[in-house]
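Chemist: Next up is a structure, given as structure tokens.
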Amino acid sequence: MGIERRLGKTVDWTLILLYLLLVLTGLLNIYASIHSTESSGFMDLASRSGRQLLWAGISLAIGAVILFIINPRIWEVLASPAYFTVLVLLVAVIFIGAEHKGSHSWFSVGGVSFQPAEISKITTSLLLAAVMSRQNFSLSGRRNLAAVAFILGVPMLVILAENETGTMMVYLGFLFVLYREGLPGMVLALLALVAALCIITLKTSQWWALAFLLASGAVALWYLLRHTRPMSRERRFSLRIFAAVIIALAALVFSTEFAFTHILQEHQRLRIEVLLGTKVDPKGVGYNVHQSLIAIGSGGLFGKGFLQGTQTTFGFVPEQSTDFIFCTIGEEWGFAGCLVVLILYGMLISRILSDSEQSREAFTRIYGYCLASCLFMHLAINVGMTIGLMPVIGIPLPFISYGGSSLCAFTVMLFIFIALHRQEKKYF
Amino acid sequence: MEVNGRWKVLLIGLWTVIAVLLLRLFYVQIVDGSYKLDASNNSLVYEAVFPPRGLIYDRNGEVLVGNKVAYDILVTPRSVRAFDTLALAEALGVEPDWIRERMNYYRRYRSRIGWQELQFIKQIPAQNYHRFAELAYSFPGFRAQVRSIREYPFNAGGNLLGYVSEVNDRDIAAEPDFYKSGDYIGKTGLEAAREKELRGRKGYHIYLRDSRNRKQAPYHDGDFDLQAEAGRDITTTIDARLQQYGQTLMQGKKGSLIALEPSSGEILAMVSSPGINVEILADIGRHFAELSADPGKPMFNRTVQASYPPGSVFKLVNGLIGLQEGVLKPSYSYPCHGGYNYAPGHKLGCHNHRSPLELEEAVMMSCNAYFCYVLKNVLDNKRYANSGEAFDKWHDYVESFGFGHSLGSDVPYELGGTIPSSALYDRLYGKGSWKASNIISLSIGQGEIGATPLQIANLAAIVANRGWYKIPHIVKDSEGLEIDARFREKHYTLVDTTQYGTVVKGMWRAVNSGWGSGGTANLACVPGLDICGKTGTAENPHGKDHSVFICFAPMDNPRIAVAGYVENAGWGGSWACPLASLMVEKYLCGEVSRKDLENRMINTAIDGN
Chain A
1 MGIERRLGKT
11 VDWTLILLYL
21 LLVLTGLLNI
31 YASIHSTESS
41 GFMDLASRSG
51 RQLLWAGISL
61 AIGAVILFII
71 NPRIWEVLAS
81 PAYFTVLVLL
91 VAVIFIGAEH
101 KGSHSWFSVG
111 GVSFQPAEIS
121 KITTSLLLAA
131 VMSRQNFSLS
141 GRRNLAAVAF
151 ILGVPMLVIL
161 AENETGTMMV
171 YLGFLFVLYR
181 EGLPGMVLAL
191 LALVAALCII
201 TLKTSQWWAL
211 AFLLASGAVA
221 LWYLLRHTRP
231 MSRERRFSLR
241 IFAAVIIALA
251 ALVFSTEFAF
261 THILQEHQRL
271 RIEVLLGTKV
281 DPKGVGYNVH
291 QSLIAIGSGG
301 LFGKGFLQGT
311 QTTFGFVPEQ
321 STDFIFCTIG
331 EEWGFAGCLV
341 VLILYGMLIS
351 RILSDSEQSR
361 EAFTRIYGYC
371 LASCLFMHLA
381 INVGMTIGLM
391 PVIGIPLPFI
401 SYGGSSLCAF
411 TVMLFIFIAL
421 HRQEKKYF
Chain B
1001 MEVNGRWKVL
1011 LIGLWTVIAV
1021 LLLRLFYVQI
1031 VDGSYKLDAS
1041 NNSLVYEAVF
1051 PPRGLIYDRN
1061 GEVLVGNKVA
1071 YDILVTPRSV
1081 RAFDTLALAE
1091 ALGVEPDWIR
1101 ERMNYYRRYR
1111 SRIGWQELQF
1121 IKQIPAQNYH
1131 RFAELAYSFP
1141 GFRAQVRSIR
1151 EYPFNAGGNL
1161 LGYVSEVNDR
1171 DIAAEPDFYK
1181 SGDYIGKTGL
1191 EAAREKELRG
1201 RKGYHIYLRD
1211 SRNRKQAPYH
1221 DGDFDLQAEA
1231 GRDITTTIDA
1241 RLQQYGQTLM
1251 QGKKGSLIAL
1261 EPSSGEILAM
1271 VSSPGINVEI
1281 LADIGRHFAE
1291 LSADPGKPMF
1301 NRTVQASYPP
1311 GSVFKLVNGL
1321 IGLQEGVLKP
1331 SYSYPCHGGY
1341 NYAPGHKLGC
1351 HNHRSPLELE
1361 EAVMMSCNAY
1371 FCYVLKNVLD
1381 NKRYANSGEA
1391 FDKWHDYVES
1401 FGFGHSLGSD
1411 VPYELGGTIP
1421 SSALYDRLYG
1431 KGSWKASNII
1441 SLSIGQGEIG
1451 ATPLQIANLA
1461 AIVANRGWYK
1471 IPHIVKDSEG
1481 LEIDARFREK
1491 HYTLVDTTQY
1501 GTVVKGMWRA
1511 VNSGWGSGGT
1521 ANLACVPGLD
1531 ICGKTGTAEN
1541 PHGKDHSVFI
1551 CFAPMDNPRI
1561 AVAGYVENAG
1571 WGGSWACPLA
1581 SLMVEKYLCG
1591 EVSRKDLENR
1601 MINTAIDGN
């Protein structure tokens, strides 16, 4: 009895409930997406839904072990050995991994394949939390900033070399964590501006990019002039910095154009163009979006009903049980279904944020933000892709997409947080 | 901003993004009616559009492989409703029972088939297609599909071109995103080797379908249709007329005839006889059984897959090695009295010719004894510790001539032949206990040596170039398709260019010395063409000797090199030699002046055994 009361009070059951609802959504929709092509039952282990059910069971067991058996203190201790082990795996997989849709990022052991990049999100989060929660850590210190840049930058580069653009983009989400921990908003704005300029240059032309730069420069100038006193030392200093930044950014625009047309090789150029959507992939990935839009759009307000979808179940939408699982939701459950699923995600992420914010330990808080950022990036990129707001980048929808290693990885990541959170509740 | 307030900013950001996603979903699912379909589940129908397969051209722009239209009938068994079997049978030109049988089959396997669309009949005549099209509304579940199939304007290069046929399970499993049941794929030859370029990309039309299963307007004005992308054309190095001529010459004979352009390594003609007639290539499925049962093995590409002893043409290689090693000078002369005594009481025979000979005449008259001396001197060279070491050196030389390993050409399924290593003889005779006399037959290209006709032709090109070759290949550069860089590299043999003069002169004299001179290749002589050639007669333990000949022309700046290998035809000078020379004449002159010889060659079948 005592244990139950304690469990009831310390474990965040809301998070677990939201998690279970999402996993269940995934199982139903995976079954719907395959039921006509793989003629087998829901529980049949030969079918994808059957296997996913097995994986869900395994994930739950792992989650329980993390929550009730493993001492949560261990995560902070394990952070750096785990991080470097996974880093080694990340590099090794480039050379000895199996090729899978053009990227060398999968290990295959005894019929089960997994992606080190999937685990690296967890280990990076742990190490980032461990380093940033040290006493006296402040993002304004140069050495600290360098450490953070290393922890995030190295795996990003390796993952880029693996051709896993999607996971690389997820890493960008860690910027939100840095923002929460005190990175000046200016830096984020500047980074966003650089990204925007590159994209505009490549998507339209360098002249549009320059126009955009001038427009944002004018806004910044106006802000500057309003907030500094005329003729003051401060104003002269800021104006100089401002001019330097504008010139540097203009140079960036031109060098982007130059590097793109003269330095990059044909196939690299093509990949970037496909990513930006300026060119249609010759293998037809660009057309997936049309297929996906037809499927989702045909769902209407309430959808066609469970197992009644035609677009997602006849193989018109590729990757229908993995990256494009949201199409099945959209087609069979309609706008109402999409609304429910997105709200579930929103509640899950908000809950993680508020739990983190209430936490007394910096480690738990920072780790929670890392978790929330990863979930958010996956959600935004994946759903955005299926409805044509994002380029086609293959990353799974957390807890829902078919794939054992993805489900396990996200479960571990979430349950580490729940365990960390529970431990605080126990002692404070 | 105070850091502690930042989590609210992030929270607002999160819900803003979710709101944006929901707004977009709202627009796609509810506001924009164009994505909505009517209540029926089958309201969209995807119709595949097959791209025309790339054409295959010869080096002069003639179409070797083209396309023509064919009509297939497809069926989705689940959509089939009761229909008039007799009417359908009549429209398609098949037996009603056949249709009943198919329908029973579909019923039996209905759960496995599911909603799949299957091929019902393929390649029906145009008139049947039109009759079916008129009545199509009364046969729900059936539809016709237009696709292009292969057509061959020249009867040239059946084996080389290869054929296209339906994908099997393995093809689909290899590329499930690309191939669907009923699709076509290049199975052999160029069609297989260049499948990626030739196939193009399938497209589809999306139509709306009404509740009576009839096609209505294109969905969304065809905005979501995917255009099929035509396959890319391939230009081959083949000269269609020469190829066709070579096939005509080789009819009734077994063997190979290969012509190369020495300066580029381009294959001008590549005849494997008996071969596959192009007339049956387009519909090979129907002829497959008879082709595989043919004892002449028409599907076997002899030019790159058969490994034969090269015979006397290999003397050229040994002579050149001797010169380079310094154990032979053009002026050395050796006696020959009906052969060479390599061991007491053992003689390697030779034909009747004058004696002694110098190198040039030994090539011209193809003296066996002379080259036995040469090989003996190469292997007994005091520079090396023992014959094993000398033999390894010899082996390196021979490999540099492109023997003993696959040349790396782009002809599919090329094999490499065999050149023995000293390890083999160590095993056969015991280490250190063998010498030149044990392996003397290598001097005349016999014994433990095997070469493909392509390698033999490449030897002709090497001598023509005086010491180098480019890897023979059949695909040429064309727009948007660049051949591999390895085909542009010159591969030098280990024998210096300067050593080739005497050998070339000997080859010229073998052809151009007139009757009674002792030259072995008089039949190849065409005045003015300066053909240089070397005959070979390869002993065949299974039957009559094989007839071999290599040549090139003209002597200076050669434009063509040819190798002929005719199985069981006997003496090299009497079959391979005239055949190869006719190829040279045809290519260089366009017309053949030696009509009698041509007729005799075309009309004689060789069934020797």
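Chains as they are written, first to last, in this note's numbering: chain A, 1 to 428; chain B, 1001 to 1609. Don't be surprised by glycine CBs; every beta carbon is placed ideally from N, CA and C.
From this set, A:Ala-250, A:Gly-57, A:Ile-294, which residue's C-alpha is nearest Ile-1206 (chain B)'s C-alpha?
Modeler: Here residue 1206 (chain B) refers to the residue found at position 206 of the second sequence. It is A:Ile-294 whose Cα lies nearest to the Cα of Ile-1206 (chain B).
Chemist: Chain B beta carbons: is any one of them nearer than 8 Å to that of Glu-424 (chain A)?
Modeler: On the first sequence, residue 424 (chain A) is found 424 positions in, with the first residue counted as 1. Closer than 8 Å: no.
Chemist: Tell me whether Asp-1294 (chain B) is buried or exposed, calling it buried when 16 or more other Cβ atoms sit within 10 Å of its Cβ.
Modeler: Mapped onto the second sequence, residue 1294 (chain B) falls at position 294. Per the 10 Å Cβ criterion, exposed.
Chemist: Where does Cys-1500 (chain B) fall in DSSP's three states?
Modeler: Residue 1500 (chain B) sits at position 500 when you count from the first residue of the second sequence. One detail in the question is off: residue 1500 (chain B) reads as Tyr in this sequence, not Cys. Reduced to three states, the DSSP call for Tyr-1500 (chain B) is helix.
Chemist: Along the chain, where does the beta strand (DSSP E) containing Thr-1537 (chain B) start, and where does it finish?
Modeler: Position 537 of the second sequence holds residue 1537 (chain B). It spans 1532–1538 - the beta strand (DSSP E) in which Thr-1537 (chain B) sits, taken as one unbroken run.
Chemist: Apply the 10 Å Cβ neighbour rule to Asp-1477 (chain B) and answer buried if 16 or more other Cβ atoms are within range, or exposed otherwise.
Modeler: Taking the second sequence and counting its residues from 1, one reaches residue 1477 (chain B) at position 477. Exposed, since its Cβ has fewer than 16 Cβ neighbours within 10 Å.
Chemist: Determine, using beta carbons only, whether Phe-417 (chain A) comes closer than 8 Å to chain B.
Modeler: If you number the first sequence from 1, residue 417 (chain A) lands on position 417. False, the Cβ-Cβ gap to chain B never drops below 8 Å.
Chemist: Just the chain A side, please: which residues come within less than 8 Å of Phe-1026 (chain B) by C-beta, in chain order?
Modeler: If you number the second sequence from 1, residue 1026 (chain B) lands on position 26. Near Phe-1026 (chain B) (Cβ distances below 8 Å), the residues of chain A are Phe-335.
Chemist: How would you label Ala-211 (chain A), buried or exposed, when you count the other beta carbons within 10 angstroms and need 16 or more for buried?
Modeler: Against the first sequence, residue 211 (chain A) aligns to sequence position 211. The residue in question, Ala-211 (chain A), is exposed, as its Cβ has fewer than 16 Cβ neighbours within 10 Å.
Chemist: Which bits of chain B does Arg-360 (chain A) rub up against, with CB to CB less than 8 Å?
Modeler: What you label residue 360 (chain A) is simply residue 360 of the first sequence in a count that begins at 1. Those within 8 Å of Arg-360 (chain A) in chain B number zero; the least Cβ separation is about 14 Å.
Chemist: Got a sec? Which residues, its chain only, sit under 7 Å from Ala-1039 (chain B) by beta carbon, not counting five neighbours each side?
Modeler: Taking the second sequence and counting its residues from 1, the one referred to as residue 1039 (chain B) is at position 39. Only weak support exists for where Ala-1039 (chain B) lies, its pLDDT of 39 falling under 50; the value from the coordinates is given anyway. Hits under 7 Å: none found.
Chemist: From the DSSP output, in three-state form, read off Asp-1380 (chain B) for me.
Modeler: Mapped onto the second sequence, residue 1380 (chain B) falls at position 380. DSSP places Asp-1380 (chain B) in coil when its eight states are reduced to three.
Chemist: Select from the stretch 1472–1499 of chain B all residues with a C-beta closer than 9 Å to any C-beta belonging to chain A, and list them in chain order.
Modeler: Of all residues in the stretch 1472–1499 of chain B, none has a Cβ within less than 9 Å of some Cβ in chain A.
Chemist: For the alpha helix (DSSP H) that contains Met-1365 (chain B), what are its first and last residues?
Modeler: To locate residue 1365 (chain B), count along the second sequence from 1; it is residue 365. Unbroken alpha helix (DSSP H) run through Met-1365 (chain B): 1359–1365.
Chemist: Give, in chain order, every residue of the stretch 161–191 of chain A whose Cβ lies closer than 8 Å to some Cβ of chain B.
Modeler: Here the close residues are Phe-176, Tyr-179, Arg-180, Glu-181, Gly-182, Gly-185.
Chemist: Just the C-alpha distance for Glu-1197 (chain B) and Ser-1263 (chain B), rounded to the nearest angstrom, thanks.
Modeler: Along the second sequence, one-based indexing puts residue 1197 (chain B) at 197. Along the second sequence, one-based indexing puts residue 1263 (chain B) at 263. Rounded to the nearest angstrom, the two C-alpha atoms are 27 Å apart.
Chemist: Looking only at its own chain, which residues have a Cβ that is under 8 Å from the Cβ of Leu-1161 (chain B), when we skip the five neighbours before and after it?
Modeler: Sequence index remark: in the second sequence, residue 1161 (chain B) carries index 161 (1-based). Closer than 8 Å at Cβ, skipping near neighbours: Ile-1056, Leu-1064, Val-1065, Tyr-1152, Gly-1189, Leu-1190, Glu-1191, Val-1278, Leu-1281.
Chemist: Tell me which residue opens and which closes the alpha helix (DSSP H) that Gly-457 (chain A) is part of.
Modeler: The question about residue 457 (chain A) has no answer, for chain A in this structure spans 1 to 428.
Chemist: Whole angstroms is fine: what's the gap from Thr-1237 (chain B)'s alpha carbon to Cys-1372 (chain B)'s?
Modeler: Residue numbering aside, residue 1237 (chain B) sits at position 237 when the second sequence is read from its first letter. Residue numbering aside, residue 1372 (chain B) sits at position 372 when the second sequence is read from its first letter. Going from the Cα of Thr-1237 (chain B) to the Cα of Cys-1372 (chain B) covers about 39 Å.
Chemist: Between the C-alpha atoms of His-1346 (chain B) and Ser-1437 (chain B), what's the straight-line distance to the nearest angstrom?
Modeler: Mapped onto the second sequence, residue 1346 (chain B) falls at position 346. Mapped onto the second sequence, residue 1437 (chain B) falls at position 437. Roughly 10 Å separates the two Cα atoms.
Chemist: Cys-338 (chain A) CB to nearest chain B CB: under 8 Å?
Modeler: If you number the first sequence from 1, residue 338 (chain A) lands on position 338. Yes, Cys-338 (chain A) counts as interfacial toward chain B.
Chemist: Which class does Tyr-1163 (chain B) belong to by DSSP, given the choice of helix, strand or coil?
Modeler: For the purposes of this step, residue 1163 (chain B) is taken as the residue at position 163 of the second sequence. Residue state, collapsed to three classes: coil.
Chemist: Could you pull the start and end residues of the alpha helix (DSSP H) that His-1542 (chain B) belongs to?
Modeler: Counting from one through the second sequence, the residue named residue 1542 (chain B) turns up at place 542. First-last for His-1542 (chain B): undefined, no H or E at that position.
Chemist: Could you name the residues that DSSP lists as bridge partners for Ala-1451 (chain B)?
Modeler: By one-based count along the second sequence, residue 1451 (chain B) stands at place 451. For Ala-1451 (chain B), which the question treats as bridged, DSSP gives the partners B:Tyr-1308.
Chemist: Just the Cα atoms here: how many angstroms apart are Ala-1048 (chain B) and Tyr-1204 (chain B)?
Modeler: Position 48 of the second sequence, counting from 1, holds the residue named residue 1048 (chain B). Position 204 of the second sequence, counting from 1, holds the residue named residue 1204 (chain B). Cα to Cα, Ala-1048 (chain B) sits roughly 4 Å from Tyr-1204 (chain B).
Chemist: Can you tell me which of B:Thr-1076, B:Arg-1100, B:Val-1069 puts its alpha carbon nearest to the alpha carbon of Asp-1084 (chain B)?
Modeler: For the purposes of this step, residue 1084 (chain B) is taken as residue 84 along the second sequence, with counting starting at 1. For Asp-1084 (chain B), the nearest C-alpha among the options comes from B:Arg-1100.
Chemist: Are Gly-1408 (chain B) and Arg-1486 (chain B) touching if we call contact CB-CB under 8 Å?
Modeler: Looking up residue 1408 (chain B) in the second sequence gives position 408. Looking up residue 1486 (chain B) in the second sequence gives position 486. Cβ distance < 8 Å, so Gly-1408 (chain B) and Arg-1486 (chain B) count as in contact.
Chemist: Taking only beta-carbon positions, decide if Leu-433 (chain A) is within less than 8 Å of chain B.
Modeler: Because chain A spans 1 through 428 in this model, residue 433 (chain A) falls outside it and cannot be assessed.
Chemist: Hey, is Val-1017 (chain B)'s beta-carbon within less than 8 Å of any beta-carbon in chain A?
Modeler: Residue 1017 (chain B) sits at position 17 when you count from the first residue of the second sequence. Yes, Val-1017 (chain B) lies at the interface with chain A (some Cβ there is under 8 Å from its Cβ).
Chemist: Could you name the residues of the same chain whose beta carbon sits closer than 7 Å to that of Leu-1529 (chain B), not counting the 5 residues immediately before and after it, in chain order?
Modeler: Position 529 of the second sequence, counted from the start, is the residue given in the question as residue 1529 (chain B). For Leu-1529 (chain B), where only same-chain residues beyond five positions count, the Cβ hits under 7 Å are Ala-1553, Pro-1554, Val-1584, Glu-1585, Leu-1588.
Chemist: If you reduce the DSSP assignment to three classes, tell me which class Met-1601 (chain B) lands in.
Modeler: Within the second sequence, numbered from 1, the residue matching residue 1601 (chain B) stands at position 601. In the structure shown, Met-1601 (chain B) sits in a helix (DSSP, three-state: H, G or I).
Chemist: If you follow the beta strand (DSSP E) that Asn-1301 (chain B) is part of, which residue opens it and which one closes it?
Modeler: The sequence position of residue 1301 (chain B) within the second sequence is 301, counting from 1. Per DSSP, Asn-1301 (chain B) belongs to no beta strand (DSSP E) and is neither H nor E.
Chemist: If contacts are defined as beta-carbon pairs under 8 Å, then Val-1378 (chain B) and Glu-1325 (chain B) qualify, I think. What distance do you get, rounded to the angstrom?
Modeler: Position 378 of the second sequence holds residue 1378 (chain B). Position 325 of the second sequence holds residue 1325 (chain B). Confirmed, about 6 Å.
Chemist: Count the CB pairs spanning the stretch 145–154 of chain A and the stretch 1001–1019 of chain B that are closer than 8 Å, and state whether there are at least three.
Modeler: No contact exists between the stretch 145–154 of chain A and the stretch 1001–1019 of chain B.
Chemist: Is the beta carbon of Leu-15 (chain A) less than 8 Å from the beta carbon of Ile-418 (chain A)?
Modeler: Along the first sequence, one-based indexing puts residue 15 (chain A) at 15. Along the first sequence, one-based indexing puts residue 418 (chain A) at 418. Going by C-beta atoms, Leu-15 (chain A) is nearer than 8 Å to Ile-418 (chain A).
Chemist: Kindly indicate if chain B contains any beta-carbon less than 8 Å away from that of Phe-376 (chain A).
Modeler: Counting from 1 along the first sequence, the entry for residue 376 (chain A) is found at position 376. Judged by the 8 Å Cβ criterion, Phe-376 (chain A) is in contact with chain B.
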